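If you read the protein sequences in the order shown, they are chains A and H.
Residues 0 to 112 (numbering that gives the first Met the number 0) make up the first sequence, in order.
Residues 0 to 112 (numbering that gives the first Met the number 0) make up the second sequence, in order.
To start, the structure itself, in structure tokens.
Number of protein chains: 2
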Amino acid sequence: MKHVHYTDIEAEIPDVDGLKDVTIRWLITKKDGAKNFTMRLFEVQPGGYTPSHQHDWEHEVFIVKGSGELRDKDSAYPFKVGDVVYVHPMEWHQFVNTGDDILQFICVIPYQS
Amino acid sequence: MKHVHYTDIEAEIPDVDGLKDVTIRWLITKKDGAKNFTMRLFEVQPGGYTPSHQHDWEHEVFIVKGSGELRDKDSAYPFKVGDVVYVHPMEWHQFVNTGDDILQFICVIPYQS
Numbered sequence: 000m001k002h003v004h005y006t007d008i009e010a011e012i013p014d015v016d017g018l019k020d021v022t023i024r025w026l027i028t029k030k031d032g033a034k035n036f037t038m039r040l041f042e043v044q045p046g047g048y049t050p051s052h053q054h055d056w057e058h059e060v061f062i063v064k065g066s067g068e069l070r071d072k073d074s075a076y077p078f079k080v081g082d083v084v085y086v087h088p089m090e091w092h093q094f095v096n097t098g099d100d101i102l103q104f105i106c107v108i109p110y111q112s
Numbered sequence: 000m001k002h003v004h005y006t007d008i009e010a011e012i013p014d015v016d017g018l019k020d021v022t023i024r025w026l027i028t029k030k031d032g033a034k035n036f037t038m039r040l041f042e043v044q045p046g047g048y049t050p051s052h053q054h055d056w057e058h059e060v061f062i063v064k065g066s067g068e069l070r071d072k073d074s075a076y077p078f079k080v081g082d083v084v085y086v087h088p089m090e091w092h093q094f095v096n097t098g099d100d101i102l103q104f105i106c107v108i109p110y111q112s
């Protein structure tokens with residue numbers, strides 16, 4: 000078994016455009032033997048945001064800390080700790096930290112087979 | 000997108016033997032369109048535990064609240080909030096709440112293809 004604290008894993012700046020004050024920690028990956036999906040922890044500072052984008056894979060998300068808004072092309076939906084979000088493939092989405100504290104969320108994505 | 004709070008989803012007693020004071024909430028499933036993996040939230044009361052067992056699929060786990068011990072056949076490893084656990088297929092594992100508060104953890108498993 001792999002067993003670590005999330006802070007043992009490096010916080011990296013995601014290699015994508017259109018974000019602000021976001022880091023990602025790749026908690027469980029293929030390097031650990033995980034073949035089907037990968038668990039990441041995102042951290043977004045107050046005022047920061049992930050890119051507004053779409054892609055052909057899904058997201059399974061759990062809000063661990065903080066609050067913010069989930070935005071699609073047209074609307075904004077507030078979220079809080081304990082919220083669960085499923086983003087379908089090709090849905091537009093953006094996570095925005097509108098609160099005063101750090102935002103943390105788990106985001107699981109598939110490995111392409 | 001699906002967007003709910005975890006308490007909007009029913010807490011069920013898992014249909015397996017060998018557990019004590021455990022509930023499971025199926026946060027994101029095939030019913031939501033998720034084809035590759037499913038996110039669940041386990042809640043274990045103080046003194047409770049999941050079964051000591053093994054199976055041919057993996058677990059990707061994040062400890063949301065509380066503390067406890069992760070046990071295999073021979074040893075016990077303490078865990079706390081923010082810990083990350085990857086359980087390989089066929090590894091023996093059991094989550095035991097040895098603390099005074101409720102234990103909550105996210106556990107993601109694959110759908111069999």
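Every residue gets a Cβ at the ideal spot worked out from N, C-alpha and C, and that includes glycine.
All values derive from a computational prediction rather than experimental measurement.
Cβ pair residue i, residue j closer than 8 angstroms
i, j, result
"Leu18(H)", "Pro45(H)", "no"
"Val83(H)", "Val63(H)", "no"
"Glu68(H)", "Tyr85(H)", "no"
"Asn35(A)", "Phe36(H)", "yes"
"His87(A)", "Glu57(A)", "yes"
"Trp25(H)", "Ile12(H)", "no"
Contact set for residue i: own chain, Cβ-Cβ below 7 angstroms, skip 5 residues either direction
i, result
"Gly47(H)", "Lys19, Asp20, Val21 and Asn96"
"Val15(A)", "Pro50"
"Phe61(H)", "Val83, Phe104 and Ile105"
"Asp55(A)", "Pro88 and Met89"
"Tyr5(A)", "Arg24, Leu26 and Leu40"
Rounded Cβ spacing between residue i and residue j (contact assumed at less than 8 angstroms)
i, j, result
"Met0(A)", "Val107(A)", "Their Cβ separation, rounded to whole angstroms, is 18 angstroms, which puts Met0(A) and Val107(A) out of contact at 8 angstroms."
For residue i, the first and last residue of its enclosing beta strand (DSSP E)
i, result
"Ala75(A)", "Ala75 to Phe78"
"Val21(H)", "Lys19 to Ile27"
"Val83(A)", "Asp82 to Val86"
"Pro109(H)", "Leu102 to Pro109"
"Lys1(A)", "Lys1 to His4"
"Met38(H)", "Phe36 to Tyr48"
"Glu57(H)", "That residue, Glu57(H), is in no beta strand (DSSP E); it is neither H nor E in DSSP."
"Gln53(A)", "Counting along the chain, Gln53(A) falls outside any beta strand (DSSP E), and DSSP gives it neither H nor E."
"Gly67(H)", "Gly67 to Arg70"
"Val15(A)", "Unbroken run through Val15(A): none, as it is neither H nor E."
Spatial neighbours of residue i in its chain, beta-carbon cut-off 6 angstroms, leaving aside the 5 residues before and after
i, result
"Ser66(H)", "Lys79 and Gly98"
"Ile23(H)", "Glu11, Pro13, Arg39 and Phe41"
"Tyr33(A)", "The residue asked about is misnamed: residue 33(A) is Ala in this sequence, not Tyr. Counting only Cβ-Cβ distances below 6 angstroms, and skipping sequence neighbours, we find Ile27."
"Asp100(H)", "Gly65"
"Pro109(A)", "Phe36 and Trp56"
"Val43(H)", "Val21, Asn96 and Leu102"
Where residue i meets chain B, residues with beta-carbon distance less than 8 angstroms
i, result
"Pro109(H)", "Note that chain B does not occur in the displayed structure, where the protein chains are A and H."
Sequence-distant residues of the same chain with beta carbon closer than 8 angstroms to residue i, five excluded per side
i, result
"Gln53(A)", "Met89, Glu90, Trp91 and His92"
Would you check if there are 3 or more beta carbon pairs closer than 8 angstroms linking the stretch 62-78 of chain H to the stretch 19-37 of chain A?
no
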